[in-house]
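What follows is one structure encoded as structure tokens, with my remarks underneath.
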Amino acid sequence: MTERLIVIGGDAAGMAAASQARRRRKVDGLEIVAFERGHFTSYSACGIPYWVGGQVPERDDLIARDPATFRDKHQIDVRLRHEVTAIDLDRREVVARDLTSGGEVRERFDLLMYATGATPTHPDWARTADTQGVFGVQTLDDGAALIDWLDGTARRSPSSDRLRCRQAVVVGGGYIGVEMAEALLHHGLSVTLVDRGEQPMSTMDPDMGVLVRDALVGLGVDVRTGCAVTGLSAKDGQVTGVLTDAGEIPADVVVLGLGVRPNTALAAEAGLPLGLSGGVRVDQRMRVPDVERVWAAGDCVESLHRVTGQSVHIPLGTHANKQGRVAGINIGGGYATFPGVLGTAITKVCDLEVARTGLLEREATAAGFEFVTTRVESTSRAGYYPGAAPMTVKLIAERRSGRLLGAQIVGRSEAAKRIDALAVALWNRMTVDEMTGLDLGYAPPYAPVWDPVLIAARKAMEAVEATG
Ligand SMILES: Cc1cc2nc3c(=O)[nH]c(=O)nc-3n(C[C@H](O)[C@H](O)[C@H](O)COP(=O)(O)OP(=O)(O)OC[C@H]3O[C@@H](n4cnc5c(N)ncnc54)[C@H](O)[C@@H]3O)c2cc1C
1 MTERLIVIGG DAAGMAAASQ ARRRRKVDGL EIVAFERGHF TSYSACGIPY WVGGQVPERD
61 DLIARDPATF RDKHQIDVRL RHEVTAIDLD RREVVARDLT SGGEVRERFD LLMYATGATP
121 THPDWARTAD TQGVFGVQTL DDGAALIDWL DGTARRSPSS DRLRCRQAVV VGGGYIGVEM
181 AEALLHHGLS VTLVDRGEQP MSTMDPDMGV LVRDALVGLG VDVRTGCAVT GLSAKDGQVT
241 GVLTDAGEIP ADVVVLGLGV RPNTALAAEA GLPLGLSGGV RVDQRMRVPD VERVWAAGDC
301 VESLHRVTGQ SVHIPLGTHA NKQGRVAGIN IGGGYATFPG VLGTAITKVC DLEVARTGLL
361 EREATAAGFE FVTTRVESTS RAGYYPGAAP MTVKLIAERR SGRLLGAQIV GRSEAAKRID
421 ALAVALWNRM TVDEMTGLDL GYAPPYAPVW DPVLIAARKA MEAVEATG
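When we follow UniProt numbering, the leftmost residue of the sequence shown carries the number 1, and every step to the right adds one.
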């Protein structure tokens, strides 16, 4: 008998699941239909800042596989511009609206994959649909609209001089905010970055975030922290400024990077269980518990944090792809589990690389750990070798046991991917003492004889010993 898999959401998690399921079950055993409300499948939202910034020339460079490829090579029926509006678990069918024709279709399913991603946080002041020049960067359509606006081609107001934009305000200093600040600098704009927090990059401890701030300021970005946005000003329907509790900042383009929350409205209506983090609850095989043959993955679910053991919502493409793959293997009749997350993340602001894994200080405190912290300054290569660049490594280790709890790195070059060694140590519950003996590679063009990671581990071990 041919079964039917319906996938809701045609990007990383949904299409990874669909592809894996297809690899294991041929078309006469499993029919696969994927609904995607947008214009694209399998696109890299992660690449949007680099497309806007011009490093990636074409939008299509960000698309891994289009619907024709899915149809012809994988026999997966992708329906673009179809938004699923309801899931009926009793009748085992979904209702989808065709956003092009306005029509409605009902499709039955035996298996369901929920992969709707995340919804950007847009406060009330940003929901002014009539104000042009305010952009999110969640989808390729968002990126295209922003690029058109920056180039002046989308400015239609009678008072518009169709000149290129000059002043940009980025609201939110997380990794998307800082990536977009860089992208706007590449467009030749003067850029202001506004964040409510003490430092930009609240995904780092403030003493590391300040290094990102210094780099942004060095690039000419006007960084305003501790500053809350209260509204927008506009003229002739076009944004002219951002209103804050510390006054107005002029802007002819505003980019929002205020974080996301799991997109679970449909799931909640259908009665799928949500966790405390707001994401759909799943077990290790990405099955929705107590709901027959329903899976979920990606930015819409919560994940197990391997250090705290708690459920967290950490929306990253790296998790979405892995979780989608696990779900697809299981849907296809195989066996796979998703082992949890550490929250390892890297980014850059021009030549400054920023990375973290595991817990920040505030997260370690909230999880009940007592810990020591160490921060070391080192270099990417042997000090005498050309191109050696400064690097700051911070470690957080549990008091007494010395177990690594988290790590952060900020440096000028060859810094960020060093976080991977630390992520592996964290994954394997290593102590900083054990880490001092790690056999990491050394040659002058690649590292000092004591790699910055090892120096940090040594210092952390001393700090742990001092706690008695
Ligand atoms: C600017 C930017 C930069 C990023 N950079 C990084 C990075 O460097 N590294 C990293 O790990 N992550 C990064 N991310 C995060 C990463 O893109 C996401 O974690 C990843 O895309 C999540 O995949 P997903 O499939 O769960 O959700 P999504 O990619 O959001 O896909 C969900 C899809 O579901 C569709 N959908 C939603 N509801 C419905 C419905 N009712 N009916 C039909 N379709 C629906 C949506 O249109 C969407 O296409 C970045 C994100 C952004 C926005």
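Even for Gly, the Cβ is constructed at its ideal location relative to N, Cα and C.
Legend entry - Distance between valine 33 and glutamine 75 (C-alpha atoms, nearest Å): If you number the sequence shown from 1, residue 75 lands on position 75. If you number the sequence shown from 1, residue 33 lands on position 33. Between glutamine 75 and valine 33, the C-alpha separation is close to 9 Å.
Legend entry - Where valine 288 falls: helix, strand or coil (DSSP): Mapped onto the sequence shown, residue 288 falls at position 288. Here DSSP, grouped into helix, strand and coil, assigns valine 288 to coil.
Legend entry - Contacts around valine 449, its chain only, beta-carbon distance under 8 Å, and the 5 residues preceding and following it disregarded: Here residue 449 is taken as the residue at index 449 of the sequence shown, counted from 1. Cβ-Cβ distances below 8 Å link valine 449 to Ala382 and Tyr442 in the same chain, with the five nearest sequence neighbours on each side left out; the list follows chain order.
Legend entry - Whole-angstrom distance between lysine 322 and leucine 440, CA atom to CA atom: Here residue 440 refers to the residue found at position 440 of the sequence shown. Here residue 322 refers to the residue found at position 322 of the sequence shown. Taking the CA atoms as reference points, leucine 440 sits about 27 Å from lysine 322.
Legend entry - Contact belief for valine 410 with valine 376 at Cβ below 8 Å, rounded distance in angstroms: Residue mapping note: residue 410 aligns to position 410 of the sequence shown, counting from 1. Residue mapping note: residue 376 aligns to position 376 of the sequence shown, counting from 1. Going by Cβ atoms, the distance from valine 410 to valine 376 rounds to 12 Å, so no, they are not a contact pair.
Inset, instruction - Pick out whichever of Leu304, Ile329, Thr337 and Cys300 has its Cα sitting closest to the Cα of alanine 320. - result: Position 320 of the sequence shown, counted from the first residue, corresponds to residue 320. Comparing Cα-Cα distances from alanine 320 to each of Leu304, Ile329, Thr337 and Cys300, the minimum goes to Cys300.
Inset, instruction - Using the Cα positions of valine 255 and valine 134, report the straight-line distance between them to the nearest angstrom. - result: For this step, residue 255 is matched to residue 255 along the sequence shown. For this step, residue 134 is matched to residue 134 along the sequence shown. Approximately 6 Å, taken between the alpha carbons.
Legend entry - Buried versus exposed call for proline 123 [16 or more other C-beta atoms within 10 Å across all chains shown]: For the purposes of this step, residue 123 is taken as the residue at position 123 of the sequence shown. So proline 123 counts as exposed.
Inset, instruction - Write down the C-beta distance between glycine 117 and glycine 174 rounded to the nearest angstrom, noting that I regard them as a contact closer than 8 Å. - result: Locating residue 117 in the sequence shown gives position 117, counting from the first residue. Locating residue 174 in the sequence shown gives position 174, counting from the first residue. Here glycine 117 is actually not in contact with glycine 174; their C-beta atoms are around 17 Å apart, not less than 8 Å.
Legend entry - Selection from Gly14, Gly278 and Ile147 that minimises the alpha carbon distance to glycine 328: By one-based count along the sequence shown, residue 328 stands at place 328. Taking only the C-alpha atoms, the option nearest glycine 328 is Gly14.
Inset, instruction - Rank Arg403, Ala268 and Val307 by C-alpha distance to the C-alpha of glycine 278 and give the top, closest one. - result: Numbered from 1 along the sequence shown, position 278 holds the residue referred to as residue 278. For glycine 278, the nearest C-alpha among the options comes from Ala268.
Legend entry - leucine 276 burial status per 10 Å Cβ neighbour count (16 or more: buried): Indexing the sequence shown from 1 puts residue 276 at position 276. Exposed, because fewer than 16 other Cβ atoms sit within 10 Å of the Cβ of leucine 276.
Legend entry - Proximal residues to glycine 9 (C-beta, below 7 Å), its chain only, five neighbours per side dropped: Counting from one through the sequence shown, the residue named residue 9 turns up at place 9. Excluding positions up to five away in sequence, the list reads Glu36, Ala115, Thr116 and Gly117.
Inset, instruction - Report, in whole angstroms, the separation of the C-beta atoms of valine 453 and valine 372, which I expect to be a contact under 8 Å. - result: Here residue 453 is taken as the residue at index 453 of the sequence shown, counted from 1. Here residue 372 is taken as the residue at index 372 of the sequence shown, counted from 1. 17 Å between Cβ atoms; not a contact.
Inset, instruction - Could you name the residues that DSSP lists as bridge partners for methionine 201? - result: Within the sequence shown, numbered from 1, the residue matching residue 201 stands at position 201. Note: methionine 201 sits in no beta bridge, so no partner.
Inset, instruction - Within its chain, find whatever has a CB closer than 8 Å to the CB of glycine 102; leave out the 5 residues flanking it on each side and keep chain order. - result: Here residue 102 refers to the residue found at position 102 when the sequence shown is read from its first residue. No residues qualify anywhere along the chain.
Legend entry - proline 89 versus phenylalanine 109 - alpha carbon distance: Taking the sequence shown and counting its residues from 1, one reaches residue 89 at position 89. Taking the sequence shown and counting its residues from 1, one reaches residue 109 at position 109. Sequence check: residue 89 is leucine here, not proline. Phenylalanine 109 has its alpha-carbon roughly 9 Å from the corresponding atom of leucine 89.
Inset, instruction - Identify whether serine 19 lies in helix, strand or coil by the three-state DSSP scheme. - result: The residue you call residue 19 lines up with position 19 of the sequence shown. In the structure shown, serine 19 sits in a helix (DSSP, three-state: H, G or I).
Inset, instruction - Check glutamine 167 in the structure and name its three-state DSSP category. - result: The residue labelled residue 167 in the question sits at position 167 within the sequence shown. Glutamine 167: strand per DSSP, three-state reduction.
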